[in-house]
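Working notes, beginning with the structure itself.
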Amino acid sequence: MTTAATATPARQRTRQLERFGFCVLPGDATPLLLTLDEVFRTLLPDPSPVRRSTCFHAVERDERMAVIGRAPALREVLTAAQAVSMVSSDVNRLVGDSYWHSDGFYDHGLYLRAVVYGERLHAGNGALRVIPGSHLPGSGWQGAAVRTLMRHDSELGLAGEEIPATVIDCEPGDVIVFNTNILHSAWGGAARRQWAWNFTRPPRSEPERRATARYILNRFVSGSVRFS
Amino acid sequence: MAEANESAEEVTRRRARYELFGFEVFPGLLGDFAGDVFREIEEGSPVGNRLSKNTEHRSIVDHPGASPALTRAVSASGLADIAAGLLDSSVLCLFGEASEYRGDISWHGGTLLRSARLVTFVLHDRPLGARDGAVLVLPGSHRSPGSYRIDDFPEAEVPGWAIETGPGDVIALEPRLQRAAIGGRVRRQVAVTFAAEPVGPAAKREIAEFIVADRTAVGSGSLGAPYAVARAALSGNAAVVFRSGGARQASEAAME
Numbered sequence: 001m002t003t004a005a006t007a008t009p010a011r012q013r014t015r016q017l018e019r020f021g022f023c024v025l026p027g028d029a030t031p032l033l034l035t036l037d038e039v040f041r042t043l044l045p046d047p048s049p050v051r052r053s054t055c056f057h058a059v060e061r062d063e064r065m066a067v068i069g070r071a072p073a074l075r076e077v078l079t080a081a082q083a084v085s086m087v088s089s090d091v092n093r094l095v096g097d098s099y100w101h102s103d104g105f106y107d108h109g110l111y112l113r114a115v116v117y118g119e120r121l122h123a124g125n126g127a128l129r130v131i132p133g134s135h136l137p138g139s140g141w142q143g144a145a146v147r148t149l150m151r152h153d154s155e156l157g158l159a160g161e162e163i164p165a166t167v168i169d170c171e172p173g174d175v176i177v178f179n180t181n182i183l184h185s186a187w188g189g190a191a192r193r194q195w196a197w198n199f200t201r202p203p204r205s206e207p208e209r210r211a212t213a214r215y216i217l218n219r220f221v222s223g224s225v226r227f228s
Numbered sequence: 001m002a003e004a005n006e007s008a009e010e011v012t013r014r015r016a017r018y019e020l021f022g023f024e025v026f027p028g029l030l031g032d033f034a035g036d037v038f039r040e041i042e043e044g045s046p047v048g049n050r051l052s053k054n055t056e057h058r059s060i061v062d063h064p065g066a067s068p069a070l071t072r073a074v075s076a077s078g079l080a081d082i083a084a085g086l087l088d089s090s091v092l093c094l095f096g097e098a099s100e101y102r103g104d105i106s107w108h109g110g111t112l113l114r115s116a117r118l119v120t121f122v123l124h125d126r127p128l129g130a131r132d133g134a135v136l137v138l139p140g141s142h143r144s145p146g147s148y149r150i151d152d153f154p155e156a157e158v159p160g161w162a163i164e165t166g167p168g169d170v171i172a173l174e175p176r177l178q179r180a181a182i183g184g185r186v187r188r189q190v191a192v193t194f195a196a197e198p199v200g201p202a203a204k205r206e207i208a209e210f211i212v213a214d215r216t217a218v219g220s221g222s223l224g225a226p227y228a229v230a231r232a233a234l235s236g237n238a239a240v241v242f243r244s245g246g247a248r249q250a251s252e253a254a255m256e
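Chains as they are written, first to last, in UniProt numbering: chain D, 1 to 228; chain C, 1 to 256.
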């Protein structure tokens, strides 16, 4: 595996997000963890460590979830990307693996997901892993390639964690931002807490307006959104 | 002998991995030969015959033809058969080189090839780790190398996948794959490149131009087969017969 570099200047993080589909903002939400922990206990009070559960519309249900607006590096990255419109948010108790997938693929627009984990995560216990560049339209990571990837056991003879990808090790309070087009997964995961916010930018064209409408619809209506 | 005992299903999976990610690793494939191959370089063919643009990189051109040890290794390991399996085609051994690297290798890849299909097998003289000269790649980037804009990105910050290797391990690389290496240790490398039988005039011309343009393929009589491919394709009179198996045994017919 390859582990993501984590200490880079803000401008470079933004560029990394554009070029490779993800970036890490070390400790950006650490001062907010106490508040986020309270939100988590309010929205997902089930203490079961074995059952995966999600609370959608987290900001609407608990306005303290909007505290992420105080994360300075995230604010800088989102401002640079002009993706300052929060579309939705959710809180998740994740358990076990998340298979290889993208959160939908959009040729137009920019759709970002910022996540914070409550636990220290690495390759062996459920850290997010991504295929850098797979978010790019025209990168060759659509269609048949994705179908082959998702059938990695039978078609490639590889377990999910053996796929060559970048593992994003993280500490509680790190903010990971990724383009939702990117192929991602998590393997070997124990129970872990995740707070997540989805952002987009104002549409710049008619195709982007349609794509953004589809994205928002998927986030709020279809229930097909998957989390890792 | 990676493929001798492999099932057709495993060969298919290897090909699927190579096509999807742009590389495949053959652990220990040349483990029995690597010592002789690099000893021969050390004793008989001092690296330094030719300096390339990168002064930290020196290479011996046409190494397979000049190296009995490598020729034996290529033959005994069934490298041509492996290439044929990865490319799902009859193949021709184009050329090879022995190189010595000192320091980093910048991100590169994305050749001008569009239609031609190649595979380059790489063997190193020592174990290589992620920050110690191992080949770093962006998996899948060979399928659309132009989409990956890394030329103005800090090299060490590119999130590459490290192909860590041990003694005798061989890496099969798709030449379009974006790749690099980080690490200052001196290491030697032997690379041998095969081409799939080109389908259509565009692929033939690409291979021809690739051979002519590549410094490793020019100026050696023992590279007769690929050089003849180039001459034939560029003259529009190509009738080269590619064969699976038997590296450097491609025959030629109806040449100019």
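Every residue, glycine too, gets a C-beta built ideally from N, C-alpha and C.
Discussion item. In the DSSP output, what is I163(C) paired with across the bridge?
Written reply: Position 163 of the second sequence, counted from the first residue, corresponds to residue 163(C). For I163(C), which the question treats as bridged, DSSP gives the partners V135(C).
Item to complete: Compare the C-alpha of L113(C) against each of A196(C), F21(C), V192(C) and Y18(C) and name the closest.
Response: As a first step, residue 113(C) is located in the second sequence; it is residue number 113 there, counting from the start. Closest by alpha carbon: A196(C).
Discussion item. Under 7 Å, CB to CB, which of the residues in the segment 18 to 44 of chain D have a partner in chain C?
Written reply: Contact residues of the segment 18 to 44 of chain D toward chain C are R19 and F20 (C-beta to C-beta distance below 7 Å).
Worksheet item: Is the CB-CB distance between E164(C) and L128(C) below 8 Å?
Response: For the purposes of this step, residue 164(C) is taken as residue 164 along the second sequence, with counting starting at 1. For the purposes of this step, residue 128(C) is taken as residue 128 along the second sequence, with counting starting at 1. The criterion of a C-beta distance shorter than 8 Å is satisfied by E164(C) and L128(C).
Worksheet item: How would you write the range of the alpha helix (DSSP H) that Y18(C) sits in, first residue to last?
Response: Sequence index remark: in the second sequence, residue 18(C) carries index 18 (1-based). Counting along the chain, the alpha helix (DSSP H) containing Y18(C) begins and ends at A8 to F21.
Practice prompt. Could you check which residue in G173(D), L44(D) and T166(D) has the C-alpha nearest to that of D28(D)?
Written response: Position 28 of the first sequence, counting from 1, holds the residue named residue 28(D). If we check each option's Cα against that of D28(D), G173(D) comes out closest.
Item to complete: Measure the alpha-carbon distance for T79(D) versus I171(C) and round it to whole angstroms.
Response: Within the first sequence, the letter at position 79 stands for residue 79(D). Within the second sequence, the letter at position 171 stands for residue 171(C). Distance between the alpha carbons of T79(D) and I171(C) is about 42 Å.
Worksheet item: If L112(D) and T180(D) are in contact, beta carbons under 8 Å, what's the gap, nearest whole angstrom?
Response: If you number the first sequence from 1, residue 112(D) lands on position 112. If you number the first sequence from 1, residue 180(D) lands on position 180. Confirmed, Cβ separation roughly 7 Å.
Practice prompt. Verify the CB distance criterion: does T148(D) have a CB-CB separation below 8 Å to chain C?
Written response: Start at 1 with the first residue of the first sequence, and residue 148(D) comes out as number 148. Chain C contact via Cβ: present.
Worksheet item: Between which two residues does the alpha helix (DSSP H) carrying T35(D) extend?
Response: Numbered from its first residue, the first sequence carries residue 35(D) at position 35. For T35(D), the enclosing alpha helix (DSSP H) stretches over residues L33 to L43.
Worksheet entry | Under the three-state DSSP convention, the category R13(D) falls into | Start at 1 with the first residue of the first sequence, and residue 13(D) comes out as number 13. In the structure shown, R13(D) sits in a helix (DSSP, three-state: H, G or I).
Worksheet entry | Nearest residue (CA-CA) to A203(C), options A116(C), I82(C) and E209(C) | The residue labelled residue 203(C) in the question sits at position 203 within the second sequence. The closest CA to that of A203(C), considering only A116(C), I82(C) and E209(C), is found on A116(C).
Item to complete: List the residues of chain D that G140(C) touches, going by C-beta distances under 8 Å, in chain order.
Response: As a working mapping, residue 140(C) is identified with position 140 in the second sequence. Here the neighbours are I131, G133, S134, S139, G140, W141 and A145.
Discussion item. Let me see if you follow: with CB-CB separation under 8 Å, is I171(C) close to chain D or not?
Written reply: Here residue 171(C) refers to the residue found at position 171 when the second sequence is read from its first residue. No - not a single Cβ of chain D is within 8 Å of the one on I171(C).
Discussion item. Between E155(D) and chain C, is any beta-carbon pair separated by less than 8 Å?
Written reply: Translated into positions along the first sequence, residue 155(D) becomes position 155. At least one beta carbon of chain C lies nearer than 8 Å to the beta carbon of E155(D).
Practice prompt. Determine the contact status of F199(D) and A114(D), defining contact as a CB-CB distance below 8 Å.
Written response: Position 199 of the first sequence, counted from the start, is the residue given in the question as residue 199(D). Position 114 of the first sequence, counted from the start, is the residue given in the question as residue 114(D). For F199(D) and A114(D), yes; Cβs fall inside 8 Å.
Worksheet item: So, using beta-carbon positions, are V121(D) and R192(D) closer together than 8 Å?
Response: Within the first sequence, numbered from 1, the residue matching residue 121(D) stands at position 121. Within the first sequence, numbered from 1, the residue matching residue 192(D) stands at position 192. In the sequence as displayed, the identity of residue 121(D) is Leu instead of Val. The answer is yes: Cβ separation under 8 Å.
Worksheet item: Is the Cβ-Cβ distance between L183(D) and H101(D) less than 8 Å?
Response: The residue you call residue 183(D) lines up with position 183 of the first sequence. The residue you call residue 101(D) lines up with position 101 of the first sequence. Yes. Within cutoff.
Worksheet item: Do Y99(D) and S185(D) have their C-beta atoms closer together than 8 Å?
Response: Against the first sequence, residue 99(D) aligns to sequence position 99. Against the first sequence, residue 185(D) aligns to sequence position 185. Between Y99(D) and S185(D), the C-beta gap is smaller than 8 Å, which places the two residues in contact.
Item to complete: Let me know the beta strand (DSSP E) ranges lying completely inside the segment 103 to 128 of chain D, each 3 residues or longer, listed in chain order.
Response: The DSSP assignment places complete beta strand (DSSP E) segments of no fewer than 3 residues inside the segment 103 to 128 of chain D at 111 to 117, in order along the chain.
Item to complete: Indicate whether the contact test is met: 3 or more Cβ pairs, each with one atom in the segment 123 to 140 of chain C and one in the segment 10 to 18 of chain C, closer than 8 Å.
Response: At 8 Å Cβ cutoff, the stretches do not touch.
Worksheet item: Buried or exposed: which applies to A83(C), given that a residue is buried once 16 or more other Cβ atoms fall within 10 Å of its Cβ?
Response: Position 83 of the second sequence holds residue 83(C). Looking at its Cβ environment, which holds 16 or more other Cβ atoms inside 10 Å, A83(C) is buried.
Item to complete: Have a look at P201(C) and I41(C) and give me their C-alpha separation to the nearest angstrom.
Response: For this step, residue 201(C) is matched to residue 201 along the second sequence. For this step, residue 41(C) is matched to residue 41 along the second sequence. Approximately 38 Å, taken between the alpha carbons.
Worksheet entry | Entirely enclosed beta strand (DSSP E) segments - the segment 129 to 168 of chain D, minimum 3 residues | Entirely contained in the segment 129 to 168 of chain D, not one beta strand (DSSP E) run reaches 3 residues.
Discussion item. Distance cutoff 8 Å, beta carbons only. Does T14(D) sit that close to anything in chain C?
Written reply: Counting from one through the first sequence, the residue named residue 14(D) turns up at place 14. T14(D) does not count as touching chain C.
Discussion item. If distances are taken between C-alpha atoms only, which option among M86(D), L17(D), I163(D) and E161(D) comes closest to A196(D)?
Written reply: In the first sequence, the residue the question calls residue 196(D) occupies position 196. For A196(D), the closest of M86(D), L17(D), I163(D) and E161(D) by C-alpha to C-alpha distance is M86(D).
Worksheet item: Apart from the five residues on each side of it in sequence, which residues of its chain come closer than 8 Å, Cβ to Cβ, to G133(D)?
Response: Position 133 of the first sequence holds residue 133(D). Cβ within range, chain order: R19, F20, G21, S139 and W141.
Worksheet entry | Span separating the alpha-carbon of P167(C) from that of A208(C) | Position 167 of the second sequence holds residue 167(C). Position 208 of the second sequence holds residue 208(C). Take the alpha-carbon of P167(C) and the one of A208(C): they are about 34 Å apart.
Worksheet item: Got a sec, what are the start and stop residues for the beta strand (DSSP E) L173(C) sits in?
Response: As a position in the second sequence, residue 173(C) is number 173, starting the count at 1. Taken as a continuous stretch (DSSP letters only), the beta strand (DSSP E) holding L173(C) covers V170 to L173.
Worksheet item: Taking 8 Å as the CB-CB cut-off, is A16(C) touching chain E?
Response: The structure shown contains no chain E; its protein chains are D and C.
Worksheet entry | Contacting residues, own chain, Cβ-Cβ under 6 Å from L32(D) (five flanking each side not counted) | Indexing the first sequence from 1 puts residue 32(D) at position 32. Contacts found: V67.
Discussion item. For N54(C), which residues in the same chain have their Cβ closer than 6 Å to its Cβ, ignoring the five residues on either side in sequence?
Written reply: The residue given as residue 54(C) occupies position 54 in the second sequence. Any reading at N54(C) must be qualified, since the residue scores a pLDDT of 49, below 50, and its modelled position is unreliable; the value itself is stated next. By the criterion of a C-beta distance shorter than 6 Å, N54(C) is surrounded by no residue of its chain, once the five residues flanking it on both sides are discounted.
Worksheet entry | Contacting positions in the segment 153 to 167 of chain C - beta carbon closer than 9 Å to chain D | Taking 9 Å as the Cβ-Cβ cut-off against chain D, the residues of the segment 153 to 167 of chain C that qualify are F153, P154, A156, E157, V158, P159, G160, W161, A162 and I163.
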